[in-house]
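Counting from 1, position 114 in the sequence shown corresponds to residue 114 in our numbering; the numbering is continuous, with no gaps.
Report on the following structure.
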Amino acid sequence: MSDETAGNGASATVNAGYDEWIDALAEGAGYALVCPDGHGSLPPRRVCPECGSSSLSEEALPERGEIETYTVVHVPSPRFADDAPYVTAVARFGPVRLTGVVRGVDPVNDGNGDTGDGDNADAVDDAVEVGTAVEVTVGERETDGGRVVVFRPVEE
Numbered sequence: 001m002s003d004e005t006a007g008n009g010a011s012a013t014v015n016a017g018y019d020e021w022i023d024a025l026a027e028g029a030g031y032a033l034v035c036p037d038g039h040g041s042l043p044p045r046r047v048c049p050e051c052g053s054s055s056l057s058e059e060a061l062p063e064r065g066e067i068e069t070y071t072v073v074h075v076p077s078p079r080f081a082d083d084a085p086y087v088t089a090v091a092r093f094g095p096v097r098l099t100g101v102v103r104g105v106d107p108v109n110d111g112n113g114d115t116g117d118g119d120n121a122d123a124v125d126d127a128v129e130v131g132t133a134v135e136v137t138v139g140e141r142e143t144d145g146g147r148v149v150v151f152r153p154v155e156e
């Protein structure tokens, strides 16, 4: 193991598999690691977390996923301080679930001039709901330019 760090205190060795995965996602070639039994996981992995198989293959993610849950974040962690408020979601893409930021929706303005009384649930519910079809890409945090998984709603 290397003692090198990735600038954020994390081991460069640990980030290597994730960095390759997010690079592939940014290039439109996102993938999941799938064992012979069909269990999916995300890099870095050496064994299936479900069955322990060490035979993992890279399988392309579907072009579209589906939001399984979401929330509006008003009080962010320091890495997302300049991004708030924002919508974060968990979406299923084939055998895996991805967590990301939903872009292309306005979590503050409901279209009726309401921009800050805290009652914005209708605005988000109109654009994002459980079952919303999304595409996945990579974007940047406004706070520090770090890369994040980004979902964008798509018309079906």
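Cβ atoms here follow ideal geometry from the backbone N, Cα and C, with glycine treated the same way.
As computed with DSSP, TYR86 is found in a beta bridge with VAL73. Within the region 17-72, the complete beta strand (DSSP E) runs of at least 3 residues fall at 31-34, 57-60.
Beta-bridge partners of THR137 (DSSP): VAL150. The residues VAL138, in chain order, have a CB closer than 6 angstroms to that of ALA26 in the same chain once the five nearest residues on each side in sequence are set aside.
Annotation for GLY100: the continuous beta strand (DSSP E) segment containing it runs 96-102. Linking GLY40 to ALA32 through their CA atoms gives a straight-line distance of about 6 angstroms. DSSP lists ILE67, LEU98 as the bridge partner or partners of ALA91. Judged by beta-carbon spacing, VAL105 lies within the 8 angstroms limit of ALA127, meaning their Cβ atoms are closer than that value. Under the three-state reduction of DSSP output, ALA127 falls in the helix class. In summary, PRO107 is buried, with 16 or more beta-carbon neighbours lying within 10 Å of its beta-carbon over all protein chains present.
Taking the Cα of ILE67 as reference, the smallest distance to any Cα among ASP19, VAL87, ARG147, ASN15 is reached at VAL87.
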